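Visitor: Sharing a structure with you now.
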Amino acid sequence: MMNLTHELIQTLWAVLPIVVILFGFQVIILKQKIPHLKRIIVGFILVWIGLAFLIIGLEQALFPLGKLMAIQLTSLDFIENPNHWQSYYWVYIFAGCIGFATTIAEPSLLAVAIKANQVSGGFIKVKALRITVAIGVAIGISLGSFRIVVGWPLHYFIIGGYIIVLIQTYFSPKSIIALAYDSGGVTTSIVTVPIIAALGLGLSSAIEGRNPLIDGFGLIAFASLFPIISVLTYVQIINFLNHDKPNQ
Numbered sequence: 001m002m003n004l005t006h007e008l009i010q011t012l013w014a015v016l017p018i019v020v021i022l023f024g025f026q027v028i029i030l031k032q033k034i035p036h037l038k039r040i041i042v043g044f045i046l047v048w049i050g051l052a053f054l055i056i057g058l059e060q061a062l063f064p065l066g067k068l069m070a071i072q073l074t075s076l077d078f079i080e081n082p083n084h085w086q087s088y089y090w091v092y093i094f095a096g097c098i099g100f101a102t103t104i105a106e107p108s109l110l111a112v113a114i115k116a117n118q119v120s121g122g123f124i125k126v127k128a129l130r131i132t133v134a135i136g137v138a139i140g141i142s143l144g145s146f147r148i149v150v151g152w153p154l155h156y157f158i159i160g161g162y163i164i165v166l167i168q169t170y171f172s173p174k175s176i177i178a179l180a181y182d183s184g185g186v187t188t189s190i191v192t193v194p195i196i197a198a199l200g201l202g203l204s205s206a207i208e209g210r211n212p213l214i215d216g217f218g219l220i221a222f223a224s225l226f227p228i229i230s231v232l233t234y235v236q237i238i239n240f241l242n243h244d245k246p247n248q
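Note that this note's numbering numbers the sequence shown so that position 55 is 55, with each residue one more than the last.
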């Protein structure tokens, strides 16, 4: 009960500035009445309570379970040869699966996908965009887990990834570039971040020679980068397949 009360207070302080800014601009700057005021107030209350319960659920179940799985998958009872990166293949598979699942469940991604579908007149499919972004996160988290296992520097992967993004951006349709970049941002939200952070800290704590402070963080950077690559790749493949369509 104390945990719920504490989380409700913390969430209220997080939501309150948003409410003040929105209402303040509407009333003071725009000098307009707020339409459907009662419905909006009820909506904000639902957001406040819902976020509090969601955070408690993540902290009580998903966060510790993700860390526990990372520790168990890297234990000497499960790994045949801890000195070989190939022995950690179940870690990479688990990381990819959990990255895909958490991204599909991400409310912010669903909201962006729905808006993209509406603005594009149905050209961008909600399901296709969500799956494409989720695949990008899955690949990114798997690669990030591999980096923790082998102990290679983070910046090698990030710099290399953004070089790929820059090249893809040059050859991609302008209409999709902004959406692809935003797709990387919406993956680092309330569902994905706690689980990915738990996975990274669990791996770095369990693998000998890794420092949780240095190696445990960085998976979220992979989760932000690789969806950009996957969305741009998806669009480029569609354009390639439809290249000769007008001539048929």
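The C-beta atom is built at its ideal place from N, Cα and C for all residues, glycine as well. Keep in mind that this is a model prediction, so the values were computed, not measured.
Among the residues of its own chain, which have a CB less than 6 Å from the CB of residue 100, if the five just before and after it don't count?
Guide: Hits under 6 Å: 134, 138.
Visitor: Taking contact to mean at least 3 C-beta pairs separated by less than 8 Å, is the segment 101-119 in contact with the segment 180-197?
Guide: Cβ pair count under 8 Å is three or more, so yes.
Visitor: DSSP state of residue 122, grouped into three classes?
Guide: In this structure, residue 122 counts as coil in the three-state DSSP scheme.
Visitor: Buried or exposed: where does residue 175 fall if 16 or more other Cβ atoms within 10 Å of its Cβ makes it buried?
Guide: So residue 175 counts as exposed.
Visitor: So which of 225, 237, 16, 196 has the shortest CA-CA distance to residue 51?
Guide: Comparing Cα positions, the closest option is 16.
Visitor: I believe residue 203 touches residue 5 by the beta-carbon criterion, under 8 Å. Please report the beta-carbon distance rounded to the nearest angstrom.
Guide: The Cβ separation is near 34 Å, so there is no contact.
Visitor: Assign residue 226 to one of two classes, buried (16 or more other C-beta atoms within 10 Å of its C-beta) or exposed (fewer than that).
Guide: Looking at its Cβ environment, which holds 16 or more other Cβ atoms inside 10 Å, residue 226 is buried.
Visitor: Check residue 239 in the structure and name its three-state DSSP category.
Guide: In this structure, residue 239 counts as helix in the three-state DSSP scheme.
Visitor: Could you spell out the range, first to last residue, of the alpha helix (DSSP H) harbouring residue 156?
Guide: From DSSP, the alpha helix (DSSP H) with residue 156 extends over 154-171.
Visitor: Using DSSP with H/G/I as helix, E/B as strand and the rest coil, what is residue 38?
Guide: Three-state DSSP puts residue 38 in a helix.
Visitor: When the Cα atoms are used, what is the spatial distance from residue 116 to residue 239?
Guide: Residue 116 and residue 239: Cα-Cα distance of roughly 18 Å.
Visitor: Applying the criterion that 16 or more other CB atoms from any shown protein chain within 10 Å of the CB defines a buried residue, is residue 39 buried or exposed?
Guide: Under this definition residue 39 is an exposed residue.
Visitor: Under three-state DSSP, which class holds residue 82?
Guide: Three-state DSSP puts residue 82 in coil, outside helix and strand.
Visitor: Since residue 85 contacts residue 146 with CB under 8 Å, what's their CB separation in whole angstroms?
Guide: Right, the Cβ-Cβ distance comes to about 7 Å (below 8 Å), so this counts as a contact.
Visitor: If you scan the segment 195-241 from start to end, which runs of the alpha helix (DSSP H) of 4 or more residues do you find wholly inside it?
Guide: Segments of the alpha helix (DSSP H) lying fully in the segment 195-241: 212-215, 219-241.
Visitor: Count the C-beta pairs between the segment 193-200 and the segment 212-229 that are closer than 8 Å, then say yes if the count reaches three, no if not.
Guide: Yes, since at least three Cβ pairs between the segment 193-200 and the segment 212-229 fall closer than 8 Å, the two stretches touch.
Visitor: Go ahead and label residue 29 buried or exposed: buried means 16 or more other beta carbons lie within 10 angstroms of its beta carbon, across all protein chains shown.
Guide: So residue 29 ends up on the exposed side.
Visitor: Which one of 151, 43, 172 has the shortest CA to CA distance from residue 213?
Guide: Of the listed residues, the one whose Cα sits closest to residue 213 is 151.
Visitor: By the three-class DSSP mapping on this structure, what secondary structure does residue 93 have?
Guide: Of the three classes helix, strand and coil, the one that applies to residue 93 here is helix, per DSSP.
Visitor: Considering Cα atoms alone, identify which of 113, 68, 112, 110 is closest to residue 91.
Guide: Closest option to residue 91, Cα to Cα, is 68.
Visitor: For residue 257, tell me which candidate among 179, 93, 127, 163 has the shortest Cα-Cα distance.
Guide: Since the first and last residues shown for the chain are 1 and 248, residue 257 lies out of range.
Visitor: Measuring alpha carbon to alpha carbon, tell me which of 53, 48, 19 ends up nearest residue 37.
Guide: Minimum Cα distance to residue 37 is reached at 19.
Visitor: Quick one: what's got a C-beta closer than 8 Å to residue 14's C-beta in the same chain, skipping five residues either side?
Guide: Around residue 14: 51.
Visitor: What residue range is occupied by the uninterrupted alpha helix (DSSP H) comprising residue 178?
Guide: Element bounds for residue 178: 174-186.
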